[in-house]
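Everything on this sheet refers to the single structure shown next.
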Amino acid sequence: MLGEGPWEGEDADDMWLKMTICVRKVASEVFGVSRGDKQEGKDTWWWNDEVQRAIKEKESNIEGYKLAKRVAKRAMSVAKSKAYDDLYQRLGTKEGEKDIYRMARIRERKTRDINQIKCIKDGTDRPLVKDEEIIDRWREYFDKLFNGESEGSTLELDDSFDDTNRQQTFCEENSRGRERGGFEEDEGR
1 MLGEGPWEGE DADDMWLKMT ICVRKVASEV FGVSRGDKQE GKDTWWWNDE
51 VQRAIKEKES NIEGYKLAKR VAKRAMSVAK SKAYDDLYQR LGTKEGEKDI
101 YRMARIRERK TRDINQIKCI KDGTDRPLVK DEEIIDRWRE YFDKLFNGES
151 EGSTLELDDS FDDTNRQQTF CEENSRGRER GGFEEDEGR
């Protein structure tokens with residue numbers, strides 16, 4: 001590296017540039033240049049013969065796994081269709097009629113949202129839990145809110161916001177213009 005050229009007597013930037021070029025050249029000669037391919041994510045340097053055999057066996061068993069998965073899906077499909085056929089046969093009988101109502105009750109219970117606690121208070125701060133009472137309380141609340149029984153202040157508007165008054169004055173101005181002959185449409189008639 002020292003024999004590459006004179007390192008003295010030049011500007012610091014020029015010396016630095018020549019030095020980096022020289023270091024890169026020597027490093028590529030000594031270590032070589034990689035192709036820049038992707039690096040493998042696993043540390044495999046410690047794998048012995050037993051580990052390598054197990055990995056190859058695992059990769060070869062993927063086809064067996066896929067086959068077993070297909071067989072299991074078919075078995076589940078056959079069992080499900082048989083169970084539904086039996087259910088439909090049973091529902092066709094007199095006892096099956098009771099089962100229909102039982103299944104409907106179970107399905108309705110499952111759709112209820114038990115994670116959410118439904119509890120509100122009425123006007124006297126008594127907690128309401130039943131659905132009918134809660135619905136009646138909401139109805140009472142909104143009736144009171146929208147039908148004027150609320151304690152809040154209401155905003156009263158004066159006549160300046162009345163559109164009928166404004167439309168009437170506009171029509172009067174238009175009719176006065178026609179009487180005087182101020183509109184071009186009327187003059188052409």
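Residue numbers (UniProt numbering): 1 to 189.
Even for Gly, the Cβ is constructed at its ideal location relative to N, Cα and C.
Outcome for residue i when other beta-carbon atoms lying within 10 angstroms are tallied against a minimum of 16
i, result
"Asn48", "exposed"
"Ala104", "exposed"
Bridge partner(s) assigned by DSSP for residue i
i, result
"Glu121", "One point to set straight first is that residue 121 is Lys, not Glu, in the sequence displayed. Note: Lys121 sits in a beta bridge opposite Pro127."
Extent of the continuous alpha helix (DSSP H) to which residue i belongs
i, result
"Ser28", "Ala12 to Phe31"
"Arg74", "Asp49 to Leu91"
"Thr111", "Lys94 to Thr111"
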